[in-house]
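So the sequence lines, in the order shown, correspond to chains A and B.
Position one of the first sequence corresponds to residue 1 (my numbering), numbered consecutively onward.
Position one of the second sequence corresponds to residue 359 (my numbering), numbered consecutively onward.
Cβ coordinates follow ideal geometry from the N, Cα and C atoms, glycine included.
Worksheet: one structure, shown below.
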Amino acid sequence: MRTASILGAALTLLASPSLAQDINITTYGGAFAEALNEAYTKPFAAETGIGARMIDNSDPPAKLKAEVEAGNVTSEVYDVEQSDVIRLCDEGLIEPIDPALLPAAADGTPAADDYLPGALHECGVAIMVWSTVIAYDTEAFPDAAPATVADFFDLETFPGKRGIIKRPKYALEFALMGDGVPPEEVYDVLATPEGVDRAFAKLDEIKDQVVWWEAGAQAPQLLADGEVSMTLAYNGRIFDAIVAEGKPFAFIWDGQNLDMDYWVIPVGAANTEAAMKYIAYSTDPVRQADLSKYIAYGPSRLSAATNVGLYKDGTTEMAPYLPTTPENAAVALVNDAGFWADHGTELTERFSAWLAAN
Amino acid sequence: MANALDPHAAIVVQASAATPAPLTTADGQPLTRALARSQRVARRRAFMLVLPLLAFILVTFALPIGQMLGRSVHNDGYSANMSRMAAWFAANPPGTEREEAAFEALARDISDAAAARTIGIVGTRINYDVPGTRSLFTSSGRQLRELPDPPFRKAMVEINPQWDNDRLWVAMRSASTAVTGNFYLAAVDRTRNEDGAVMRVAENQRVYLMLFWRTFMLSLLITGLTFVLGFPIAHLLATLPTRRSNLLMILVLLPFWTSLLVRTTAWIVLLQQQGVVNDILVWLGVIGNGQRLQMIYNQTGTIVAMTHILLPFMVLPLYSVMRTINPSYVRAARSLGATSWTAFRRVYFPQTLPGFGAGALLVFILAVGYYITPALVGGSSGQLISNMIAVHMTDTLNWSLAAALAALLLAGVLALYWIYDRLVGIDNLKLG
């Protein structure tokens, strides 16, 4: 018993809520948290005098859920992914966010009309956009560079192995777009049994030439080692390989699959007013673009795309590397977390069975 | 009467005379009670010493595993949030015509769940049984914030014709009680049809039984490989002079202490098509540049990497047992005329079996639950069941199915452990 009470006391100490005026911001940590800290949190604290502290956690949505259910919320703002916004909002664990409280664009367009589709959710505001995109080794194709999703599936014109993430998500969407389905119809087609068959039939065409990868770091590694000539990859990883390591890689933005991270406020947060101030501050169109100075993620606001400047190295123009730059985003698909919440289990089973059948 | 010379006689006489007065301690308490008390105090003190460990194991091991396994049969996402429907299903046996009252209960429950923002939980629960229905619940919930006018059946079908679907109602009936076996059905590639009868899922969805089978077969193969490779190493370690065997031991232990990820990626560097082994083969002219071998991102890669990573778990128990085997037994066998093979087979090898048992059990159980290595190097044919469990934990968030798969895996391992105990005897296990 004594051990239990000591344990309990220790836990309470660890999880003490923030002071009255301050806010805590829980994120996944890593390079993205550093970028958030430099672009938003530090200037916010300096300008408003509201103390703001970044907290790293390996699984913010799980922490949020546990804290709200225990009635002991330690952070005012959480960084979560799209599927988590939908789930947490459905479960009533996060507060609705009124878009009227977000700053308008420079030309007066209200915030509600200034976001990418899906970026404003009832309970969350997208803070950045990353994408799953086709990357290729320019040295593998000296004559003609591939430019479309269809080229990814064209083994004759563009020989070499292909890297694909070992998940139905992304793989099936790219397969349909490679088969000529326009982005806006991809999820409608994929919701039908014929559409799923069609996607797998497309993947069948290149199946024996595919190297399946699991961890994000594997994609640039496979390209660098010459194991594959083209691969699906997360844009940030390829950006690092190009800019930091000088690799001869390039993007095919055609058919890229956009994902977003969101700010959310948990139900029962101590300081929702300051949290909302922080969210409004960080989503201002000018400041939102500041994030791209530190990391290769694009702004979720349409009017912020033109405000993007140089990378922190002072020489790299960021716009060509961002998924949100208008010419890159021309043929893009916004990942539908709602669709995957509906069909994830079923398609994962089908995908695994398909993988195993040789 | 006892002989006067019998030395025991006096005691017997004394004892029989003293029966009424029990033995007491110096302060007059009965000895038995004082003894029991002092033993109780000692036991309690001993228990207090292990209490922290016990609490730790309970909190960090037994409780989470128990809770996780509980999820495989218990999911009240629907029953707890759709009370009218649960009541209707309880009152009406299977096969009852869905009348107006049922649809009214459905509309009212969805409306309430949408207001309470629990509709996502409800939809997720049904979605596990009928894919694609999660959004049916959430979108209908948005439209049902205000109750429609009766008749409710017509109103619900107008919102979405899916609401009159037989399979959906079977799923809702089965979810109306929190305890369900459906996740175990799903974990063995079974499902329920419109009539609620168990049947196999479509052929292109069948994956779990195959993965269980593959996991157990690969684990057995890897256990066998580690034995074949590890036995000579362990023998060498046990018989070499200490100075040289210590050096060899470091070669066994260094990889053991190296991070799993480092060793796995090292194998990628060696075995990939543009990797070291293929480069050497091409350079030697064994294969042409266009015929580079596919040795990783498939089953071969999984077997090679896992065998290497698990090898120390076989070598170390074997070594510790071999160290204790007295070399004079083999010498005696040889002097009695046995050939070296017979001496090995009949005398030396049987004595190493406890080490083999321990090593095999360790390697097999670790291999069955292996996750990172097959995920990284398994490609399409080297996936194990643990990879699917991980996908359902982190990707599809179908924790109940993940729990059911994990429970089956655990049961399989326990069953094999039991068989091992019956065949070999767990007392023969020797870890060192």
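B/MET751 carries a helical assignment under DSSP once its states are collapsed to helix, strand and coil. A/TYR170: member of the alpha helix (DSSP H) spanning 168-178, first to last residue.
Where B/THR658 is concerned, the enclosing alpha helix (DSSP H) starts and stops at 657-681. For A/GLY118, there are no C-beta contacts with chain B under 8 Å, since the nearest C-beta of that chain is about 14 Å from it. In the DSSP assignment, A/ASP261 falls outside any alpha helix (DSSP H) and lies within the beta strand (DSSP E) extending over 249-264.
What A/GLY92 touches in chain B, judged by beta-carbon distance under 8 Å, is ALA474, ARG475, THR476, going in chain order. Contact with chain A is found for B/ARG492, since one of that chain's Cβ atoms lies less than 8 Å from the residue's Cβ. Remark: C-beta atoms of A/MET128 and A/TYR311 do not approach each other more closely than 8 Å.
Against chain A, the beta carbon of B/PRO489 has neighbours under 9 Å at ASP342, HIS343, GLY344, THR345, GLU346, LEU347, listed in chain order. Among the residues of chain A, none has a CB under 8 Å from the CB of B/THR573; the nearest is roughly 12 Å distant. Here DSSP, grouped into helix, strand and coil, assigns A/SER131 to strand. Residues of the region 531-565 of chain B with a C-beta less than 7 Å from any C-beta of chain A: ASN562, GLN563, ARG564, VAL565, listed in chain order. Contacts with chain A at 8 Å (Cβ-Cβ) do not include B/ILE580. For the set A/LEU36, A/VAL125, A/ALA175, A/PRO99, the Cα lying nearest the Cα of A/LYS207 is the one of A/ALA175.
Taking 8 Å as the cut-off between beta carbons, the residues of the region 738-756 of chain B near chain A are SER738, SER739, GLN741, MET746, VAL749, HIS750, ASP753, THR754, LEU755, ASN756, in sequence order.
The beta-carbon of B/ALA529 is placed no less than 8 Å from the nearest beta-carbon of chain A. Here B/LEU763 is not near B/ILE784, since their CB atoms are 8 Å or more apart.
Within chain A, the residues placing a beta-carbon under 7 Å from that of B/THR496 are ASP90, ordered along the chain. Inter-residue distance for B/PRO599 and B/VAL673 is about 18 Å (C-alpha atoms, whole angstroms). Residues of chain A with a Cβ closer than 8 Å to the Cβ of B/LEU567 do not exist; the shortest Cβ-Cβ separation is about 11 Å. Judged by beta-carbon spacing, B/VAL726 lies within the 8 Å limit of B/VAL771, meaning their Cβ atoms are closer than that value. In this structure, B/VAL565 and A/ALA353 form a Cβ contact; the two beta carbons are roughly 4 Å apart against a cut-off of 8 Å. Under DSSP, A/LEU120 takes part in a beta bridge, and its partners are A/VAL125. Interface annotation for the region 621-638 of chain B against chain A: THR623, ILE626, VAL627, GLN630, GLN631, GLN632, GLY633, criterion Cβ-Cβ distance under 9 Å. Within chain B, the residues ASN562 have their CB atoms less than 8 Å from the CB of A/TRP354, given in chain order.
By the Cβ neighbour-count rule, B/VAL620 is exposed, with fewer than 16 other Cβ atoms within 10 Å of its own.
In the three-state DSSP reduction, A/GLY338 falls in the helix class (H, G or I).
With contacts defined as CB atoms closer than 8 Å, B/TYR436 and B/ILE484 qualify as a contacting pair. At a beta-carbon threshold of 9 Å, none of the residues of chain A lie near B/ILE517; the nearest stands roughly 17 Å away. Setting aside the 5 residues that flank it on each side, B/LEU595 is surrounded in the same chain by SER603, LEU606, MET607, VAL610, VAL673, TYR677, MET680, each with a C-beta closer than 8 Å to its C-beta; the list follows chain order. For A/TYR136, the secondary structure class from DSSP, reduced to helix, strand or coil, is strand. Neighbours of B/ALA733 in chain A, taken as residues whose beta carbon is under 9 Å from its own, are LYS166, GLU214, ALA215 in chain order. Closest in alpha carbon position to A/GLU122, among A/THR132, A/ASN257, A/LEU93, A/ALA332, is A/LEU93.
Not one beta carbon of chain B lies nearer than 8 Å to the beta carbon of A/GLU185.
Relative to A/VAL73, the option among A/SER131, A/ILE23, A/GLY49 whose CA is nearest is A/ILE23. Per DSSP, the unbroken alpha helix (DSSP H) holding B/ALA762 starts and ends at 757-781.
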